[in-house]
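Asker: Positions in the sequence shown are counted from 1; adding 4 to them yields our numbering.
The beta carbon of each residue, even a glycine, is placed where N, CA and C say it ideally should be.
Once you've had a glance at the structure underneath, I'll fire off some questions.
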Amino acid sequence: MLRISYTCFYKADIMKLNRYHSSYHKTFCAAIIIILLSSLHLRAQQPSKLVAYVGIVNPIVSLSSGTITPNFKDSYQVGMPTGINILREGHLGFSLEMVPYIKIASGNSKMSNFLFHPGVLFPIGKEFTFIARAAFETSGRYGLTPVLSKVITHGQAGKLFLATPFPVRFGNEQKISIAAAFQFGYIF
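Shown next, in the form of structure tokens:
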């Protein structure tokens with residue numbers, strides 16, 4: 005008798021799981037079809053352009069707990085941003101940037117931090133671009149980085165740009181910090 009009730013219970017569970025799996029499968033397939041059709045529609049409107057860039061970023065000053073700290077006071081820190089931008093003509097774009105930082109102090113140098121820096125590009129005209137970036141650092145800090153960028157020269161193989169990032173960081177049991185930096189780079 006116990007075996008029969010266990011078997012009935014087991015069969016009922018399997019039937020419920022099959023119904024759940026079937027509805028989940030239908031919903032998942034419908035979502036994939038909608039995404040594919042949407043991407044085909046967007047692709048038909050305008051093609052995307054993929055560009056890469058490399059640069060140098062020099063933090064200038066930071067403010068935390070009312071204390072202003074210049075980059076050149078006790079040490080020098082420099083970063084080398086490398087990234088890929090996916091652009092649509094006259095529309096929003098996506099940027100994926102990675103920045104290793106090197107710190108030089110007392111005659112010694114070491115990699116002090118690695119920054120993962122995804123963002124959204126907002127072209128604002130006359131070759132200016134506003135970039136809103138999220139920031140995730142190996143130091144345990146995270147935050148946002150608004151950036152104003154300007155293409156300054158065009159070459160046959162690429163473009164030279166200047167940018168001013170303003171990093172805002174939280175976390176890792178430290179006070180909020182706000183900084184300013186100067187970046188220049190080459191888009192190819």
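(1) In the structure shown, what three-state DSSP assignment does I180 receive?
(2) Tell whether a beta-carbon distance below 8 angstroms holds between P171 and G147.
(3) Could you compute how far the alpha carbon of H158 sits from the alpha carbon of F165?
(4) For A34, does the three-state DSSP call read helix, strand or coil?
(5) Excluding the 5 residues preceding and the 5 following R173 in the sequence, name in chain order all residues of the same chain whose CB lies nearer than 6 angstroms to its CB.
(6) If you drop the 5 nearest sequence neighbours on each side, which residues of the same chain put their C-beta closer than 8 angstroms to that of H25?
(7) Closest to V103 by CA distance: which of L119, K130, T133, G111 is it?
(8) By alpha-carbon positions, which one of I38, L100, A34 ends up nearest to V58?
(9) Give me the residue from N62, K163, N117 with the minimum Cα distance to A139.
(10) In this structure, does DSSP put S79 in helix, strand or coil?
Answerer: If we stick to the structure as given:
(1) Taken through DSSP and simplified to helix, strand or coil, I180 comes out as coil.
(2) Taking 8 angstroms as the Cβ cut-off, P171 and G147 qualify as a contacting pair.
(3) In a straight line, the C-alpha of H158 is about 9 angstroms away from that of F165.
(4) DSSP places A34 in helix when its eight states are reduced to three.
(5) Residues of the same chain with a CB within less than 6 angstroms of the CB of R173, apart from the 5 flanking positions on each side, are R145, G147, S181 in chain order.
(6) At H25 the pLDDT is 47, less than 50, meaning the model places this residue with poor confidence and gives no usable figure here.
(7) Comparing Cα-Cα distances from V103 to each of L119, K130, T133, G111, the minimum goes to L119.
(8) Of I38, L100, A34, the residue nearest in Cα terms is L100.
(9) Answer by Cα proximity: N117.
(10) Under the three-state reduction of DSSP output, S79 falls in the coil class, being neither helix nor strand.
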